[in-house]
Amino acid sequence: MKKIGLILIGLLLFSSFSFASSAVIEKIIPNSNVLSFYYSSKRIDKGVGSERFWHLKSARLEWIGDNYDVDLELAPLAAGNPISIKQAWIKFIPFKFMDISLGKISYPFCNVSSKTTSNITIFQPTLFGEDWMIKFNGEFGKLGWNAYWADGGINEGISAYDIPSTIGFRGKYSLAGLDVGASLRIRDWDNDDRKYDWGADLLYELGNIAKFNCQVFNLPDDDDNSDLNFFLTTSYEKGFILPFAKKTIPYLGYFSRNGI
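Read left to right, the sequence shown gives residues 1 to 260 (our numbering).
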């Protein structure tokens, strides 16, 4: 209880940061693997002053298997789309050196896991998104790679179909708990006004105690604002045991908002 109290005090002191709490639930939702809750800090201007408070942003319900993943996001009922499919894919392993995934998949851009409990997922949909795609994944020693072709285009009504127009690649090198990676994504690659997204990332795991995740990325758009952003998250991987929850992992994080 003392540890939990110290964490709550720390969150109040870091009120300008974002916080998320993720819990693995058993026997509460039948046949489900993960039920996660995400909180964030929000400030309301009052004219002569302002107020900041924590609020529930969304909940995630996920079914995970060795070769499939179905991930649903539950937002407030007042939202335009209270239930949305974040992921729904199946994986095939036709070769020992490579597997293939089909479905709605989170972009393998920077070192952001597709698992809701593996990172501060509150940022993932906003920054990198997900689309229907075919994705190739392989490893060679300490080197890993992803390549994908995604349906990220826009049907302008000229034809009866829309050609998938986003391609990308990510490479990663792992050594003794340290992962260093680089990502490149080309949107509308078959058009003259194609856009190039790039990112670099560094993740370090301190045993089973803490995880530090730093991402720097550039997502260009059509305005004159800076598109260079970064975020840094720190999580207490040992977590805490709470009522009805097998494990709860607290997060602290900060991210820039250039052009977002």
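Glycine included, every Cβ here is placed at the ideal spot set by N, Cα and C.
Exposed unless 16 or more other CB atoms sit within 10 angstroms - verdict on residue i
| i | result |
| --- | --- |
| I249 | buried |
| L35 | buried |
| A20 | Residue confidence for A20 is low, a pLDDT of 41 falling below 50, so the modelled location carries little weight and cannot support an answer. |
| D190 | exposed |
| S235 | buried |
| A150 | buried |
| N208 | exposed |
| G199 | buried |
| A253 | According to the sequence displayed, residue 253 carries Gly and not Ala. So G253 ends up on the buried side. |
| A210 | exposed |
Inter-residue spacing [alpha-carbon to alpha-carbon] between residue i and residue j
| i | j | result |
| --- | --- | --- |
| L74 | D192 | 38 Å |
| Q215 | K172 | 13 Å |
| E205 | L143 | 18 Å |
| D201 | I163 | 30 Å |
| G181 | L102 | 23 Å |
| D266 | N111 | Residue 266 lies beyond the residue range present for the chain, which begins at 1 and ends at 260; the question has no answer from this structure. |
| D221 | M133 | 22 Å |
| I241 | Y251 | 15 Å |
| L61 | F231 | 25 Å |
| F255 | A59 | 21 Å |
| R194 | D66 | 36 Å |
| L203 | L175 | 11 Å |
| K246 | G239 | 10 Å |
| N218 | E139 | 26 Å |
| E130 | I83 | 15 Å |
| D141 | K135 | Just to set this straight, residue 141 is Gly in the shown sequence, not Asp. Taking the straight line from one Cα to the other gives about 20 Å. |
| S16 | T233 | Because S16 sits at a pLDDT of 36, beneath the cut-off of 50, its placement in the model cannot be relied upon, and the following sentence gives the value as read from the coordinates. In a straight line, the C-alpha of S16 is about 14 Å away from that of T233. |
| D99 | F212 | 28 Å |
| A147 | N229 | 23 Å |
| S22 | Y196 | At S22, the pLDDT of 40 sits below 50, so the modelled position is not reliable and the matter cannot be decided from this model. |
| W89 | F128 | 17 Å |
| D243 | V70 | According to the sequence shown, residue 243 is Pro rather than Asp. Taking the straight line from one Cα to the other gives about 26 Å. |
| A178 | N137 | In the sequence as presented, Ala is not what sits at residue 178; that position holds Leu. Each residue's alpha carbon lies about 20 Å from the other. |
| K91 | E237 | 27 Å |
| L72 | D227 | 29 Å |
| N81 | Q87 | 15 Å |
Residue i - partner residues in DSSP beta bridges
| i | result |
| --- | --- |
| V112 | V112 is not bridged to any residue. |
| I93 | None; I93 has no bridge partner. |
| N213 | L203 and T233 |
| S84 | E73 |
| K195 | R187 |
| N218 | W198 and L228 |
| I100 | F92 and F136 |
| S256 | According to DSSP, S256 bridges with nothing at all. |
| I64 | D69 |
Where the beta strand (DSSP E) containing residue i begins and where it ends
| i | result |
| --- | --- |
| E130 | E130 to F140 |
| F230 | L228 to Y236 |
| L184 | L178 to R187 |
| I146 | The sequence shown places Asn at residue 146, rather than the Ile named in the question. Here the beta strand (DSSP E) through N146 covers L143 to A150. |
| Y298 | As displayed, the chain neither begins before 1 nor continues past 260, which places residue 298 out of reach and without an answer. |
| G168 | T166 to L175 |
| I241 | F240 to L242 |
Minimum Cβ-Cβ distance from residue i to chain C less than 8 Å
| i | result |
| --- | --- |
| A182 | Here there is only one protein chain, and chain C is not present. |
Quiz item: Okay, do the stretch 98-110 and the stretch 179-195 touch, 3+ Cβ pairs below 8 Å being the bar?
Solution: yes
Quiz item: Would you say the stretch 89-103 touches the stretch 164-180, given that touching needs at least three Cβ pairs under 8 Å?
Solution: no
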